[in-house]
Amino acid sequence: MSDAAWKNPVVKWIDYRLPIFTMMKHSAIDYPTPRNLNYWWNFGSLAGIVLVIMIATGIFLAMNYTPHVNLAFDSVERIMRDVNYGWLLRYAHMNGASMFFILVYIHIFRGMYYGSYKAPRELLWIIGVMILLAMMATAFVGYVLPWGQMSFWGATVITNLFSVVPFFGDAIVQWLWGGFSVDNPTLNRFFSLHYLLPFVIFGLVFLHLWALHTHKSNNPTGVDIQGDKDTIPFHPYYTIKDLFGLGVFFIFYLGFTFFAPNFFGEPENYIQADPLVTPAAIVPEWYFLPFYAILRAVPDNFVDVYGWLPVLIEAKTAGVILMFASIILLCFLPWLDGSKVRSAKYRPTTMFLFWIFLADCFVLGYVGAQPAEGTMLTVGRIATFWYFFHLLILVPWVSRRETTKPVPESISASVTGS
Amino acid sequence: MSDAATTHQGHADDETKRDFLLVSTVTVSAVGAALAAWPFIDTMNPSKDVLALASTELNLSAIEEGQAITAVWRGKPIYIRHRTAAEIDAAKDVKLADLKDPETDADRVQKAPWLVMIGICTHLGCLPQGQRSGEPKGEFNGWFCPCHGSHYDTSGRIRKGPAPKNLAVPPYTFLSDTTIRIG
Amino acid sequence: MKKTLITALAAALLVSFGVSNVMAAGAGKEPPKRTWTTQGPFGKFDRAQLKRGWQVYSEVCAACHSINQIYYRNLVEIGFSDAEMKEIAAAAEIPAEPNEDGETHKDGERIMRPGKPFDKVKTPFPNDNAARAANGGALPPDLTLMVKARHGGADYVHALLAGYSNAPSGVEMQDGMSYNEYFPGAQLAMAAPLAEDGVEYADGTKATVSQMAEDVTAFLIWTAEPELEDRKRMGIKVLLFLIVLTGMLYAVKRKIWADLH
Numbered sequence: 001m002s003d004a005a006w007k008n009p010v011v012k013w014i015d016y017r018l019p020i021f022t023m024m025k026h027s028a029i030d031y032p033t034p035r036n037l038n039y040w041w042n043f044g045s046l047a048g049i050v051l052v053i054m055i056a057t058g059i060f061l062a063m064n065y066t067p068h069v070n071l072a073f074d075s076v077e078r079i080m081r082d083v084n085y086g087w088l089l090r091y092a093h094m095n096g097a098s099m100f101f102i103l104v105y106i107h108i109f110r111g112m113y114y115g116s117y118k119a120p121r122e123l124l125w126i127i128g129v130m131i132l133l134a135m136m137a138t139a140f141v142g143y144v145l146p147w148g149q150m151s152f153w154g155a156t157v158i159t160n161l162f163s164v165v166p167f168f169g170d171a172i173v174q175w176l177w178g179g180f181s182v183d184n185p186t187l188n189r190f191f192s193l194h195y196l197l198p199f200v201i202f203g204l205v206f207l208h209l210w211a212l213h214t215h216k217s218n219n220p221t222g223v224d225i226q227g228d229k230d231t232i233p234f235h236p237y238y239t240i241k242d243l244f245g246l247g248v249f250f251i252f253y254l255g256f257t258f259f260a261p262n263f264f265g266e267p268e269n270y271i272q273a274d275p276l277v278t279p280a281a282i283v284p285e286w287y288f289l290p291f292y293a294i295l296r297a298v299p300d301n302f303v304d305v306y307g308w309l310p311v312l313i314e315a316k317t318a319g320v321i322l323m324f325a326s327i328i329l330l331c332f333l334p335w336l337d338g339s340k341v342r343s344a345k346y347r348p349t350t351m352f353l354f355w356i357f358l359a360d361c362f363v364l365g366y367v368g369a370q371p372a373e374g375t376m377l378t379v380g381r382i383a384t385f386w387y388f389f390h391l392l393i394l395v396p397w398v399s400r401r402e403t404t405k406p407v408p409e410s411i412s413a414s415v416t417g418s
Numbered sequence: 419m420s421d422a423a424t425t426h427q428g429h430a431d432d433e434t435k436r437d438f439l440l441v442s443t444v445t446v447s448a449v450g451a452a453l454a455a456w457p458f459i460d461t462m463n464p465s466k467d468v469l470a471l472a473s474t475e476l477n478l479s480a481i482e483e484g485q486a487i488t489a490v491w492r493g494k495p496i497y498i499r500h501r502t503a504a505e506i507d508a509a510k511d512v513k514l515a516d517l518k519d520p521e522t523d524a525d526r527v528q529k530a531p532w533l534v535m536i537g538i539c540t541h542l543g544c545l546p547q548g549q550r551s552g553e554p555k556g557e558f559n560g561w562f563c564p565c566h567g568s569h570y571d572t573s574g575r576i577r578k579g580p581a582p583k584n585l586a587v588p589p590y591t592f593l594s595d596t597t598i599r600i601g
Numbered sequence: 602m603k604k605t606l607i608t609a610l611a612a613a614l615l616v617s618f619g620v621s622n623v624m625a626a627g628a629g630k631e632p633p634k635r636t637w638t639t640q641g642p643f644g645k646f647d648r649a650q651l652k653r654g655w656q657v658y659s660e661v662c663a664a665c666h667s668i669n670q671i672y673y674r675n676l677v678e679i680g681f682s683d684a685e686m687k688e689i690a691a692a693a694e695i696p697a698e699p700n701e702d703g704e705t706h707k708d709g710e711r712i713m714r715p716g717k718p719f720d721k722v723k724t725p726f727p728n729d730n731a732a733r734a735a736n737g738g739a740l741p742p743d744l745t746l747m748v749k750a751r752h753g754g755a756d757y758v759h760a761l762l763a764g765y766s767n768a769p770s771g772v773e774m775q776d777g778m779s780y781n782e783y784f785p786g787a788q789l790a791m792a793a794p795l796a797e798d799g800v801e802y803a804d805g806t807k808a809t810v811s812q813m814a815e816d817v818t819a820f821l822i823w824t825a826e827p828e829l830e831d832r833k834r835m836g837i838k839v840l841l842f843l844i845v846l847t848g849m850l851y852a853v854k855r856k857i858w859a860d861l862h
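Chains as they are written, first to last, in my numbering: chain A, 1 to 418; chain B, 419 to 601; chain C, 602 to 862.
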């Protein structure tokens with residue numbers, strides 16, 4: 001039922017039957033938003049726009065791409081050379097993927113810092129983690145499509161990981177491959193999945209926004225919205241702020257696309273896949289590096305430290321479990337964190353630990369790009385240990401014991417006070 | 419002027435400034451959006467490799483008088499017949515009033531011995547017979563479409579049957595006496 | 602806020618540093634940085650140089666290396682006229698399509714025809730096995746993307762071509778291998794391909810090894826990134842437009858938020 005009195009007769013006719021205009025007015029125009037949001041709140045809408053850009057560029061790339069092992073690499077080169085604006089679509093799609101992860105990682109860290117995952121936003125947070133997983137799956141199968149050396153060998157390494165599943169492991173890997181190694185059936189199905197998953201992400205984003213709108217946005221103080229004094233309508237304040245943020249972001253994104261399109265990539269992937277030649281170093285794309293470090297961190301004699309304990313769990317299996325756990329664990333953050341105060345602004349110890357955790361993630365990323373040996377391996381192990389130590393021990397312990405600073409009375413009080 | 423009036427005037431100025439800024443920003447954004455949309459539209463236009471095959475060059479010297487060859491241009495069959503003097507005369511002698519699609523032979527060829535046409539029947543798209551010896555040429559000694567019985571004469575014009583138009587003539591140029599470029 | 606940005610910047614630099622240092626063990630010597638007409642936001646091709654580079658490729662490299670993404674019709678992009686391009690294409694013998702009787706061979710020999718603009722540049726070998734057989738088991742890689750497929754890019758390719766030297770004492774050379782400090786592992790199957798005056802340049806330039814290395818590398822920059830000029834030109838326009846638009850959006854943002862404070 002339409003709340004507003006729509007003046008335009010066409011709008012009125014449509015809205016009476018399908019209240020899309022009322023919905024838009026409610027959700028994007030009148031929608032009450034905390035008045036004190038800072039620019040760290042821009043990254044959600046930016047990620048949403050990049051998702052649309054990825055789907056648009058992807059659809060047009062798919063008009064010219066051929067998912068067959070003998071033709072894929074050449075079809076991508078044809079896009080780069082012969083298809084009108086093909087190079088632009090390809091580079092925009094390639095760099096868009098990196099941008100998507102940069103934005104989402106910042107968005108996640110924003111959530112962690114300001115306690116946006118705390119009640120009543122636990123499901124919002126968990127849906128977000130699901131979006132991250134779907135993005136990682138999409139990026140993984142997508143990277144295989146150009147059929148370069150890294151495409152092929154990255155796919156080989158990661159699909160092989162599923163062999164750790166007890167009893168069914170090898171059957172699962174063969175099922176994933178559709179054969180006895182990564183080959184044409186694998187490439188073909190990865191193309192199908194790569195086209196499908198972004199729409200799954202789209203659906204998850206819809207749920208994510210629905211959950212968000214239920215209890216509205218968090219804000220830098222972490223204090224709940226108490227009344228109209230605390231909020232402003234989304235339009236025009238945050239529409240224009242988001243548009244400005246979009247402008248800044250496009251300068252960054254298109255700067256790379258036009259002037260350094262291969263900055264985030266790996267030269268080895270400009271060599272056609274060769275199952276008989278393994279590259280000197282198999283490295284995933286940068287956004288997977290922290291998880292790659294965790295995967296390779298487990299010592300061989302993980303449980304068998306004394307030489308006589310039964311090897312309950314192989315290093316490879318432990319690595320896979322830890323890698324997935326590092327993401328799944330995030331779902332439990334709302335319960336691991338027992339603080340009554342949301343925002344790290346008023347939680348000095350938590351804030352300090354947050355920066356260490358952030359630095360730890362960067363260290364993991366750096367380690368992920370290095371060969372897993374020597375000092376780097378030790379560093380990786382310490383960093384992996386710290387990651388889990390932070391989430392499983394420090395956060396639960398500190399959050400329930402730390403002395404917090406006094407929290408503002410209300411959002412409006414914090415704004416007028418400052 | 420009183421303070422209230424000055425302020426009021428000040429606000430009005432501000433509003434005009436804000437309006438101009440808003441209007442110009444919206445305009446620039448709209449232009450940007452249109453410029454951004456263009457690559458997505460143009461990418462569907464024929465690509466460079468397709469355009470590279472947009473014209474075909476053919477050497478005609480191997481085709482003897484009375485012989486015909488079928489070439490391909492933009493995926494379509496091209497019928498080229500090296501006409502005999504008798505065929506040329508027969509084509510010229512036809513009265514325009516007898517033709518369903520009136521066209522003189524002179525309008526359909528650049529050099530009389532060489533007839534270049536798109537070999538697709540103008541009725542429903544079959545390939546007419548008459549290119550190879552032994553194939554039926556129809557009652558007018560040109561081409562015969564077996565699908566629904568259209569007869570074409572030695573100039574490729576429809577003379578009998580359901581086809582509405584003469585066999586189409588593609589754009590072509592003689593690069594020399596013996597080579598043509600189609601398209 | 603400032604702390605965040607400094608941390609983020611430091612970390613980003615760290616990661617990019619780490620990512621680019623993958624070549625740990627066995628990496629070749631770091632190639633010296635050179636200037637290329639294509640570098641920087643205003644980079645352009647020097648078409649005279651590209652034509653010389655094509656000459657080096659076709660007279661020296663094409664004996665073993667293919668550039669299988671390049672068509673003869675692409676050569677008009679480096680400064681050849683339509684007629685010159687067709688002449689270059691026609692000078693090459695391409696395996697002919699099956700004739701009317703379905704034959705591809707005559708008297709045991711492959712039937713050939715002159716090249717056309719829509720043909721890919723002729724490959725030296727019909728397949729990888731033939732390439733290996735002719736090169737002592739080693740496969741000369743395709744060169745189209747070489748500049749993008751190696752760390753160091755054009756600097757690396759040039760350093761490799763101009764950087765052959767005698768093996769230092771103590772280094773045991775494998776059979777048939779040549780010493781080159783820029784190649785990972787320092788030994789490669791390709792002997793020094795360029796020799797002084799190896800090519801007689803059509804434009805009269807003196808064909809020193811360094812000149813030929815530079816010209817053929819510039820040519821390979823083009824084969825890898827033929828869209829480079831268009832891309833950078835468009836990039837300048839796009840970025841200038843965005844800077845203006847973002848400035849305007851900021852002004853509107855400030856105006857709209859002004860009445861809140």
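Beta carbons: idealized from backbone N, C-alpha and C, even for Gly.
At least one CB of chain A lies nearer than 8 Å to the CB of Asp467 of chain B. Distance from the CA of Ala859 of chain C to the CA of Pro67 of chain A, rounded to the nearest whole angstrom, comes to 53 Å. The residue among A:Asp74, A:Pro198, A:Asn219 and A:Leu364 with its C-alpha nearest the C-alpha of Val415 of chain A is A:Asn219. Restricting attention to alpha helix (DSSP H) runs no shorter than 4 residues, the segment 259-304 of chain A encloses them at 289-295, ordered along the chain. For Glu77 of chain A, no beta strand (DSSP E) segment is defined; the enclosing uninterrupted segment is the alpha helix (DSSP H) at Ala72 to Arg81.
At a cut-off of 8 Å between C-beta atoms, Val248 of chain A counts as an interface residue with respect to chain C.
Within its own chain, the residues whose Cβ lies closer than 7 Å to the Cβ of Tyr497 of chain B, once the five positions on either side in sequence are excluded, are Ala486, Thr488, Met535, Gly537 and Gln549, listed in chain order. The Cβ of Ile679 of chain C sits no closer than 8 Å to any Cβ of chain A.
In the structure shown, Asn477 of chain B falls within a strand segment according to DSSP collapsed to helix, strand and coil. Residues of chain A whose Cβ lies closer than 8 Å to the Cβ of Met835 of chain C are, in chain order, Leu88 and Phe258. Look at Thr57 of chain A here: in three-state DSSP terms it is helix. Among the residues facing chain B, Phe60 of chain A is included, as its CB has a counterpart in that chain under 8 Å away. Of the residues B:Thr474, B:Glu505 and B:Leu542, the one whose Cα lies closest to the Cα of Leu593 of chain B is B:Thr474. Inclusion of Thr461 of chain B and Asn95 of chain A in the CB contact set at 8 Å is not warranted, their separation being larger than that value. Membership of Trp561 of chain B in the beta strand (DSSP E) is indicated by the continuous run Asn559 to Cys563. Note on Asn477 of chain B: under 16 other CB atoms within 10 angstroms of its CB, so exposed under the neighbour-count rule. Put simply, of C:Pro642, C:Glu710, C:Val758 and C:Trp637 the residue whose alpha carbon is nearest the alpha carbon of Val839 of chain C is C:Pro642.
Beta-bridge partners of Glu694 of chain C (DSSP): C:Pro715.
In this structure, the beta-carbon distance from Gly247 of chain A to Leu846 of chain C falls below 8 Å. Listed along the chain, the chain A residues whose CB falls inside 7 Å of the CB of Asp460 of chain B are Asn84 and Tyr85.
By the neighbour-count criterion, in which 16 or more other beta carbons inside 10 Å mark a residue as buried, Leu453 of chain B falls on the exposed side.
According to the DSSP secondary-structure assignment, Asn781 of chain C is paired through a beta bridge with C:Tyr765.
At a cut-off of 8 Å between beta carbons, Arg832 of chain C makes no contact with chain B. Put simply, the backbone Cα of Gly255 of chain A is about 32 Å away from that of Ala470 of chain B. Contact annotation for Lys241 of chain A against chain C: Lys854 and Trp858 [CB-CB distance below 8 Å, chain order].
Apart from the 5 residues on each side of it in sequence, Leu161 of chain A sits with its Cβ closer than 6 Å to the Cβ of Val320 in its chain, given in chain order. Taking a C-beta distance under 8 Å as the contact criterion, Gly148 of chain A and Tyr270 of chain A qualify as a contact pair. Only Leu746, Lys749, Ala750, Arg751 and His752 from the segment 735-757 of chain C bring a Cβ to less than 7 Å from some Cβ of chain A. Rounded to whole angstroms, the gap between the alpha carbons of Asp683 of chain C and Pro546 of chain B is 37 Å. Against chain B, the CB of Arg714 of chain C has no partner CB under 8 Å away; the residue lies outside that interface. For Met535 of chain B, the enclosing beta strand (DSSP E) begins and ends at Trp532 to Ile536. Rounded to whole angstroms, the gap between the alpha carbons of Glu660 of chain C and Pro371 of chain A is 41 Å.
Counting the other CB atoms within 10 Å of its CB gives Gly754 of chain C a total of 16 or more, which places it among the buried residues. DSSP places Thr214 of chain A inside the alpha helix (DSSP H), whose first and last residues are Asn184 to His215. Not a single CB atom of chain C sits nearer than 8 Å to the CB of Gly44 of chain A. For the segment 695-709 of chain C, the beta-carbon criterion of a distance under 7 Å to any beta-carbon of chain A is satisfied by none of its residues.
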